[in-house]
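Asks:
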Amino acid sequence: MTLAILLLHALTGMLFILAAGFVFVDTLNASAANLERIRSMSRLAAGMLWLTYFIGGYWYVVNYAPEKAFILKGPWTFSHSFFMETKEHVFLALLLLGTFLPIVATNDIPNSPAARKFMLWTSALLLLVGFGLDGAGAIISLGAKVALLPAVGG
Amino acid sequence: MSTSTLNAQTRAFGLSVAITSIVSALLVIAKESNEDTLLKFMKTVTPHHWITHGLFNLILFVALGLILAKSNNGQGPALDDDKLINVTAGGFLLSCFIIAGFFLIGG
Numbered sequence: 001m002t003l004a005i006l007l008l009h010a011l012t013g014m015l016f017i018l019a020a021g022f023v024f025v026d027t028l029n030a031s032a033a034n035l036e037r038i039r040s041m042s043r044l045a046a047g048m049l050w051l052t053y054f055i056g057g058y059w060y061v062v063n064y065a066p067e068k069a070f071i072l073k074g075p076w077t078f079s080h081s082f083f084m085e086t087k088e089h090v091f092l093a094l095l096l097l098g099t100f101l102p103i104v105a106t107n108d109i110p111n112s113p114a115a116r117k118f119m120l121w122t123s124a125l126l127l128l129v130g131f132g133l134d135g136a137g138a139i140i141s142l143g144a145k146v147a148l149l150p151a152v153g154g
Numbered sequence: 155m156s157t158s159t160l161n162a163q164t165r166a167f168g169l170s171v172a173i174t175s176i177v178s179a180l181l182v183i184a185k186e187s188n189e190d191t192l193l194k195f196m197k198t199v200t201p202h203h204w205i206t207h208g209l210f211n212l213i214l215f216v217a218l219g220l221i222l223a224k225s226n227n228g229q230g231p232a233l234d235d236d237k238l239i240n241v242t243a244g245g246f247l248l249s250c251f252i253i254a255g256f257f258l259i260g261g
């Protein structure tokens with residue numbers, strides 16, 4: 001069950017990244033025809049980010065402590081001390097930026113260069129930092145894995 | 155007279171993203187550097203300091219956004235559009251670098 005929660009966290013995180021990427025590309029070609037789609041996908045991206053936060057947050061608060069203990073006894077202690085610590089705190093700022101995306105999308109994007117630029121910057125940052133946090137999650141998982149592996153040749 | 159094409163909510167919450175992100179990053183340093191006082195206190199407010207931190211951010215973000223949206227006769231912060239975009243993106247990125255830098259040095 002705990003692994004299912006973790007996988008669901010990764011899945012919703014990837015859906016958030018996909019939605020943010022969709023918004024970025026659609027905004028490059030913003031027009032009256034795709035404005036509603038940009039707004040809908042912005043809301044979807046924010047929704048997926050919040051879902052990722054709640055699922056990952058539940059797992060982190062309830063289930064992470066034993067895994068953390070293993071990681072800190074293993075060879076990849078940095079997977080917690082740097083990657084997890086950074087991930088859990090950068091995520092809080094990402095959540096704010098993700099919540100901001102649908103707010104920017106309420107502007108007249110096809111006719112406002114400033115609104116279009118703001119949408120592009122916001123979605124690009126969500127995309128890039130989202131990818132970074134996704135990679136950090138993979139390193140944290142590997143940190144636990146190498147801690148649990150028997151020593152090679154030992 | 156503002157010539158911005160961005161609505162008041164975008165201007166207000168954009169600035170709120172920048173301010174709240176940086177305050178959040180500074181709170182990370184403060185709580186991790188004061189485990190016996192601030193971190194301990196944050197653990198008493200909710201079951202986990204991370205939950206307290208998240209709630210603090212959310213309340214600050216919403217409150218600042220709502221207050222700033224009413225500023226400047228309801229037009230939001232009087233910032234040039236390009237400057238606002240730079241401040242929002244820059245504030246967010248700066249908070250990421252502060253957090254990563256702190257744990258890189260501290261970790």
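If you're matching them up, the sequences are chains A and B in order.
Using my numbering, read the first sequence as starting at 1 and increasing by one per residue.
Using my numbering, read the second sequence as starting at 155 and increasing by one per residue.
The beta carbon of each residue, even a glycine, is placed where N, CA and C say it ideally should be.
Keep in mind it's a predicted model, so treat the numbers as computed, not measured.
Just tell me which of A:Lys87, A:Ser42, A:Leu128, A:Leu72 has its CA closest to the CA of Asn107 (chain A).
Replies: Translated into the one-based positions of the first sequence, residue 107 (chain A) becomes position 107. The option with the nearest alpha carbon to Asn107 (chain A) is A:Ser42.
Asks: Within the continuous alpha helix (DSSP H) that includes Gly228 (chain B), where are the two ends?
Replies: Sequence index remark: in the second sequence, residue 228 (chain B) carries index 74 (1-based). Segment 203-228, the alpha helix (DSSP H) holding Gly228 (chain B).
Asks: Could you tell me whether the region 28-42 of chain A touches the region 71-90 of chain A, using the rule of 3 or more Cβ pairs below 8 Å?
Replies: No, they do not touch.
Asks: Considering just the uninterrupted stretch of the alpha helix (DSSP H) at Asp134 (chain A), what are its terminal residues?
Replies: In the first sequence, counting from the first residue as 1, residue 134 (chain A) sits at position 134. Where Asp134 (chain A) is concerned, the enclosing alpha helix (DSSP H) stretches over 113-148.
Asks: Determine the contact status of Ala217 (chain B) and Trp121 (chain A), defining contact as a CB-CB distance below 7 Å.
Replies: Locating residue 217 (chain B) in the second sequence gives position 63, counting from the first residue. Locating residue 121 (chain A) in the first sequence gives position 121, counting from the first residue. Against a cut-off of 7 Å, the Cβ pair of Trp121 (chain A) and Ala217 (chain B) comes out as no contact.
Asks: Mind listing which residues of the region 116-129 of chain A have their C-beta closer than 7 Å to chain B's C-betas, in chain order?
Replies: So the list reads Lys117, Phe118, Trp121, Leu125, Val129, given in the order they occur along the chain.
Asks: If the cut-off is 9 Å on Cβ atoms, which residues from the region 59-77 of chain A count as contacting chain B, listed in chain order?
Replies: Here the close residues are Tyr60, Val61, Thr77.
Asks: Would DSSP call Gly154 (chain A) helix, strand or coil?
Replies: As a position in the first sequence, residue 154 (chain A) is number 154, starting the count at 1. Unreliable positioning characterises Gly154 (chain A) in this predicted model, as indicated by a pLDDT of 45, which lies under 50. A coordinate reading is not provided.
Asks: For the alpha helix (DSSP H) containing Ala33 (chain A), list its first residue and its last residue.
Replies: Here residue 33 (chain A) is taken as the residue at index 33 of the first sequence, counted from 1. From DSSP, Ala33 (chain A) is part of no alpha helix (DSSP H); its letter is neither H nor E.
Asks: Hey, Leu169 (chain B) and Ala115 (chain A) are a contact pair by Cβ (cut 8 Å); roughly how many whole angstroms apart?
Replies: The residue you call residue 169 (chain B) lines up with position 15 of the second sequence. The residue you call residue 115 (chain A) lines up with position 115 of the first sequence. Actually they are not in contact, since the Cβ atoms of Leu169 (chain B) and Ala115 (chain A) sit about 16 Å apart, beyond 8 Å.
Asks: For the alpha helix (DSSP H) that contains Ala254 (chain B), what are its first and last residues?
Replies: In the second sequence, counting from the first residue as 1, residue 254 (chain B) sits at position 100. Ala254 (chain B) -> alpha helix (DSSP H) spans 235-260.
Asks: Using beta-carbon positions only, say whether Asn226 (chain B) and Ala232 (chain B) come within less than 7 Å of one another.
Replies: For this step, residue 226 (chain B) is matched to residue 72 along the second sequence. For this step, residue 232 (chain B) is matched to residue 78 along the second sequence. Cβ distance < 7 Å, so Asn226 (chain B) and Ala232 (chain B) count as in contact.
Asks: Here's a check: name, in chain order, each residue in its chain whose Cβ is nearer than 6 Å to the Cβ of Thr200 (chain B), leaving out the five neighbours to either side.
Replies: As a position in the second sequence, residue 200 (chain B) is number 46, starting the count at 1. Result list for Thr200 (chain B): Thr206, in chain order.
Asks: Does chain B have any CB closer than 7 Å to the CB of Glu85 (chain A)?
Replies: In the first sequence, residue 85 (chain A) corresponds to position 85, counting from 1. Closer than 7 Å to some Cβ of chain B, the Cβ of Glu85 (chain A) qualifies, so yes.
Asks: Taking Cβ positions only, does Ala144 (chain A) come closer than 7 Å to chain B?
Replies: Residue 144 (chain A) sits at position 144 when you count from the first residue of the first sequence. No, Ala144 (chain A) does not count as interfacial toward chain B.
Asks: Taking only the alpha-carbon atoms, compute the straight-line gap between Gly260 (chain B) and Ser112 (chain A) and give it to the nearest angstrom.
Replies: In the second sequence, residue 260 (chain B) corresponds to position 106, counting from 1. In the first sequence, residue 112 (chain A) corresponds to position 112, counting from 1. Roughly 44 Å separates the two Cα atoms.
Asks: Would you call the CB atoms of Gly130 (chain A) and Ile38 (chain A) closer than 7 Å?
Replies: The sequence position of residue 130 (chain A) within the first sequence is 130, counting from 1. The sequence position of residue 38 (chain A) within the first sequence is 38, counting from 1. Result no, Cβ atoms of Gly130 (chain A) and Ile38 (chain A) do not sit closer than 7 Å.
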